[in-house]
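Residue 126 in the UniProt record's numbering sits at position 126 of the sequence shown, with consecutive numbering throughout.
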Amino acid sequence: MDATSIITQVSRDDEQQLNTSFPSEKVNNVDRLKPPKRGFFETIFCCWRNGRTKSNQSGTPIDGSITPPPIQGQPRYLLPQIRPSDMYKKCMVIDLDETLVHSSFKPIPNADFIVPVEIDGTVHQVYVLKRPHVDEFLKKMGELYECVLFTASLAKYADPVADLDYEYK
1 MDATSIITQV SRDDEQQLNT SFPSEKVNNV DRLKPPKRGF FETIFCCWRN
51 GRTKSNQSGT PIDGSITPPP IQGQPRYLLP QIRPSDMYKK CMVIDLDETL
101 VHSSFKPIPN ADFIVPVEID GTVHQVYVLK RPHVDEFLKK MGELYECVLF
151 TASLAKYADP VADLDYEYK
C-alpha cells in the first residue's frame with residue numbers, strides 16, 4: 001500500500017497473535033461470557049481489592065481470564081494527529097459504501113466516476129454513483145464534526161472513491 005494513502009488497511013494479525021500467544025490455554029467461549037461467580041462479601045467489597053485477582057500458585061487467574069501480552073515498542077495509531085481546527089469537535093465516523101456512494105461492477109449509465117481496480121491481475125471497472133445530496137451532507141458534517149471515513153473495502157478502491165468530495169477537503 002502506498003505510504004501516502006489516506007486509507008489505513010487493517011488486518012486481523014493482532015487478533016491471530018493473541019490467539020496463538022496462549023496455545024496451551026483453552027477457554028470455553030460460553031464460560032468466557034459468564035460473569036465470574038463471587039461471594040456475598042466479594043461483591044460488596046469489590047472496590048477495596050486494589051485490583052487484585054485470585055490466582056493459583058503458578059500466577060494464572062483462577063477465573064480463567066487471560067491477560068493479553070503487553071504491546072512492545074511504540075503504539076500503532078490508525079488515525080493521524082488531530083488538527084487544531086478539529087480539536088474541540090466531536091468525531092463523526094461515516095461509512096463510505098452504500099452510505100455515501102453506491103458502487104457496482106455492472107455499468108451504470110449515470111455513474112459519477114469510474115474507478116479501475118486490479119483484482120488478481122485483471123483490471124475491473126467499478127462504477128461509482130454518489131448518493132443524492134452527499135456533497136452538501138459532507139460539507140455540513142465537516143463544519144460540525146471531525147470526520148473519519150470508514151470502509152471495509154481495499155485501499156486500491158477506497159482511495160479514489162474517498163476523493164469524491166474534492167471541493168471541500
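Don't be surprised by glycine CBs; every beta carbon is placed ideally from N, CA and C. Bear in mind that the values here come from a model prediction, so they are computed numbers and not experimental data.
CB-CB length for Lys-89 against Tyr-145, believed under 8 Å: Confirmed, about 5 Å.
Endpoints, the beta strand (DSSP E) within which Met-92 is located: Met-92 -> beta strand (DSSP E) spans 90–95.
Would you decide whether Glu-25 is buried or exposed? Buried here means 16 or more other CB atoms lie within 10 Å of its CB. At Glu-25, the pLDDT of 47 sits below 50, so the modelled position is not reliable and the matter cannot be decided from this model.
Between the C-alpha atoms of Glu-143 and Cys-91, what's the straight-line distance to the nearest angstrom? Rounded to whole angstroms, Glu-143 to Cys-91 spans 11 Å at the Cα level.
Does the distance from the C-beta atom of Leu-129 to that of Asn-110 stay below 8 Å? Result yes, Cβ atoms of Leu-129 and Asn-110 sit closer than 8 Å.
Limits of the beta strand (DSSP E) - the one that Phe-113 falls within: Looking at the DSSP string, the run of the beta strand (DSSP E) that includes Phe-113 is 113–119.
Same chain, Cβ closer than 7 Å to Tyr-157, five either side skipped, listed in chain order: Short of 7 Å from the beta carbon of Tyr-157, and not among the five residues preceding or following it, lie these beta carbons of its own chain, in chain order: Val-115, Val-117, Val-126.
Three-state secondary structure (DSSP) of Leu-149: DSSP places Leu-149 in the strand class (E or B) of the three-state scheme.
Please list, in chain order, all residues of the same chain as Val-148 whose beta carbon is under 8 Å from its beta carbon, the five residues on each side excluded. Result list for Val-148: Leu-79, Cys-91, Met-92, Val-93, Ile-94, in chain order.
When the Cα of Glu-136 is compared with those of Asp-86, Gln-72, Leu-100, which residue comes out closest? Comparing C-alpha distances from Glu-136 to each of Asp-86, Gln-72, Leu-100 shows the shortest one belongs to Leu-100.
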